[in-house]
Every structure is written in structure tokens, then in C-alpha cells.
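In our numbering, the protein residues as written are 292 to 623. Ideal Cβ placement from N, Cα and C applies to all residues, glycine included. Just so you know, these numbers come straight off a predicted model, no measurement behind them.
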Amino acid sequence: MSSLVSILIPAYNAADWIAQTIQSALEQTWSDTEIIIVDDGSSDRTLEIAKTFASSKVRVLTQANQGATAARNHALRLAQGDYIQFLDADDLIAPDKIEQQLKLLQTSPPNCIASGSWARFYRDPATATFKPEPLWQDMEPVDWLVCAWNGHWMMHPAAWLVPRSIAEAAGLWDETLSLNDDGEYFCRVVLASRFVKFCAEAKSYYRSGIPGSLSDWKSDAAYASAYRVIEQCSQQILHYEDSSRTREVCATLFQRFIYETYPAVPILRQQAQQQVQNLGGTPLKPTGSPMFQRLSSLMGWRMAKWIQQLLYQSGYRLQKRNSTAITQPSVS
């Protein structure tokens, strides 16, 4: 029996990549698909390009700029498929990605979800190297989350294939979140499933290195979103299983937040420190480059972070000045 798969593509200012992404969705060997593209108020040619693909198989919609989570929810509400494939507008999926995962799920017990192999690329997906990670195996839901959070591993949205029943049980994306909204959403998806089945043959490509404002991802609002994600994920896993291992991994998430955000957002860091204590603590130590580790051993991780931040800001300012010098029009 054929199963319809809904491929949902939120898009914002993705004119440089959207055509390649849509093409990868159209080239799926599993032909029983619908593609729903929601443009989130782009200011470039994203919507114009997407409309060139419009057909009985490809729906193209637009909305006022509300964020990627709102665009995903818009598409999800319209989806008719038995399975859900999320695909960001700059990522790609291999031609047989969906077919491979469907074959696996259709021979698995009910209420399983499928993850898959994925690799980063910068310009050319042919340069992507697939390197096995600890999450690349079949796992129980809590085992999967504990492994991911302890090791700081990830599975990007396009790597998953989710049965509609699991997506409905998990609920919609949280539109109040920005940074790591996918981590919070797929935490709910994983916990709503019976088992995570890994499909090595199902490959997806995660585009990295897209130019953009670094400050957007280092803002207080972004940090607040990241903190709320940790709070919500901790509540979800502890509701599912309140044990020494789940409490420790939640403490690890809060402690990592402290390390990664210092010296910013002092109030959130204080709250995170209280959470670490309430949860019983964590053995997590700060990580970084060899230089960071040497500085940390000499003067403590906080001072090492201050120095790292100063070097980062100096490099960013230099990069910005060089970029301005290159792009400014000639006055001659």
C-alpha cells in the first residue's frame, strides 16, 4: 500500500538555495509525495523562485514574517501525508532518502520514527563526508536523548521521517522559540515514539557557513530561547523518566549553557546554576581549543572565556572592516 509523504519546506531569504532544495524533493524515488513550501515574508527572490515549481504536486504559500517555526506549523496544518518530512530551504535530501526510511518503518513495529545519516557541506554537497556518530543506531527514546545531550550530538530536521500519528501526538512547533527550536520539537517527537530506527542508507545534507549576522545568534533573545528549550526538554524527559541518569543529563544541559553563554546573560546563568544544583550536579567540564584549555588550567575557565571573547570580537571587527572595504563603491 502506498503512503503519501508530506515534504514541508519553510523558506526565508533562501533565493540562493531554494531551487536546489526543491529539486532534491522532486527527485525522490518515492513518488507519492506532496511538497508544501511556505515563504516566511522573504525580501529576496525566494517566493518568486519557489513559484516556478508550483504544480499539482507542489504548493507554494506565503505569510508575513513570523519565523521558521510559524512557517513549519503553517505547512504542517495543511499536510495530508501519512508521513512528515521536514526540509529546511537550504538543505538537501538524497534521491532515495524517503524511500529507504519508509521501507524501514513499514517493516518495523508501530509508532517508530526514522533517523538517517547526515553530513555538513558548505557549497558543494559532493564534498560532504558522512562520519558515523553515536546516534547512528537504533535506540530507545530516552537512550537517544541521553546520548544526544551528553555528547552534544545532533540530528538535523531533514534527517528524520516521522509518521503522521507521532507528529500529531508531539504537537506543533513552539513559535515562541528561535534558537534550537528544532531541538525542543524533536525532543517531543522522540518521546512520543516507541523507538528510534536508524537508516544508514537515508542520507541528508546540512548546509553550513551561510553568511549572516553573528550577533543575531549571540543576542539575549537567542540565549533566552536556548534556555527555555533546556527547561522544556528537561521537563519533558523527567516526566517520561525521572531517574539519576535523566536528572544528570538535564544538569549537563544547564551546565553547558553556563559555559557557552558566559559572560553574557548573568541572570539566566544564575538560574541555570540553581537548576544544576537542584538536579544533583554534573561532571561536565568546559571544552575548547588547546589554547583555551591551557588558559583555563592557568587562570580558570571564566578568565579563559573572557580572553576568548575579546579575541573573537577583535577578529569579527577586523572581518567586518575588511568586508566593508571590499564592498564600498569606488570614489575615483
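Applying the criterion that 16 or more other CB atoms from any shown protein chain within 10 Å of the CB defines a buried residue, is residue i buried or exposed?
i    : result
P574 : exposed
P432 : buried
L602 : exposed
S315 : buried
W409 : buried
N304 : buried
D472 : buried
L570 : buried
L452 : buried
Y518 : buried
K576 : exposed
L589 : exposed
A359 : buried
S484 : buried
W435 : buried
Cutting at 8 Å between CB atoms, please list the residues of its own chain near residue i, excluding the five before and the five after it.
i    : result
Q354 : V329, D330, D331, G332, A361, A362, H365
A555 : K509, D511, Y514
Q523 : D465, E475, C478
M430 : C438, F486, V487, F489
Y413 : R498, S499, G500
S605 : none
R547 : H443, L575
Would the beta-carbon of residue i fall within 7 Å of that of residue j?
i    : j    : result
A302 : I309 : yes
A461 : V480 : yes
M446 : L470 : no
I340 : L369 : no
D323 : L295 : yes
A493 : K394 : no
K596 : Y553 : yes
Q599 : F583 : yes
T660 : A385 : The first residue shown for the chain is 292 and the last is 623, placing residue 660 beyond what the model contains.
For residue i and residue j, which I take to be in contact (beta-carbon distance under 8 Å), what is that distance rounded to the nearest angstrom?
i    : j    : result
I501 : L378 : At roughly 16 Å, the Cβ-Cβ gap does not stay under 8 Å, so I501 and L378 are not in contact.
E325 : Q371 : 6 Å
V540 : N402 : In fact, because the Cβ distance is near 23 Å, the residues do not count as touching under 8 Å.
Q392 : A380 : About 21 Å separates the two Cβ atoms, so there is no contact after all.
G407 : C490 : 5 Å
E390 : Q319 : 7 Å
Y497 : R593 : Not a contact, Cβ separation roughly 32 Å.
L624 : L463 : Outside the displayed span of the chain (292 to 623) sits residue 624, for which this structure offers no information.
S499 : L383 : Contact doesn't hold; Cβ gap of about 12 Å is too wide.
I528 : L468 : The Cβ separation is near 17 Å, so there is no contact.
Within the continuous beta strand (DSSP E) that includes residue i, where are the two ends?
i    : result
L352 : 349-353
E522 : From DSSP, E522 is part of no beta strand (DSSP E) but of the alpha helix (DSSP H) over 511-531.
I501 : No beta strand (DSSP E) holds I501; DSSP gives it neither H nor E.
S408 : 403-412
G329 : In the sequence on display, residue 329 carries Val and not Gly. Unbroken beta strand (DSSP E) run through V329: 324-330.
Q376 : 374-377
Sorted by chain position, which residues of the same chain lie with C-beta nearer than 7 Å to residue i's C-beta, five sequence neighbours on each side aside?
i    : result
F545 : I521, A563, Q566, V567
R455 : G372, D373, Y374, I375
G279 : Because the chain spans 292 through 623 in this model, residue 279 falls outside it and cannot be assessed.
S399 : K488
I457 : N402, I404, V480, A483, S484
W321 : V296, I389, E390, L393
Can you name the start and end residues of the alpha helix (DSSP H) that residue i belongs to?
i    : result
F583 : 581-590
A302 : Counting along the chain, A302 falls outside any alpha helix (DSSP H), though it belongs to the beta strand (DSSP E) covering 296-302.
D434 : 432-442
E390 : 388-397
G474 : 472-483
P557 : 557-570
R336 : Counting along the chain, R336 falls outside any alpha helix (DSSP H), and DSSP gives it neither H nor E.
T312 : 309-317
Y553 : Careful: Y553 lies outside any alpha helix (DSSP H) and carries neither H nor E.
N356 : Note, N356: premise wrong, no alpha helix (DSSP H); not H, not E.
S456 : 455-461
Enumerate in chain order the residues of its own chain whose CB-to-CB distance from residue i is below 6 Å, with the five nearest sequence positions on each side excluded.
i    : result
Q428 : F489
Q300 : The identity of residue 300 in the sequence shown is Ile, whereas the question assumes Gln. Around I300: I328, L378, A380.
F421 : S408, A410
F344 : I313
Y550 : P577
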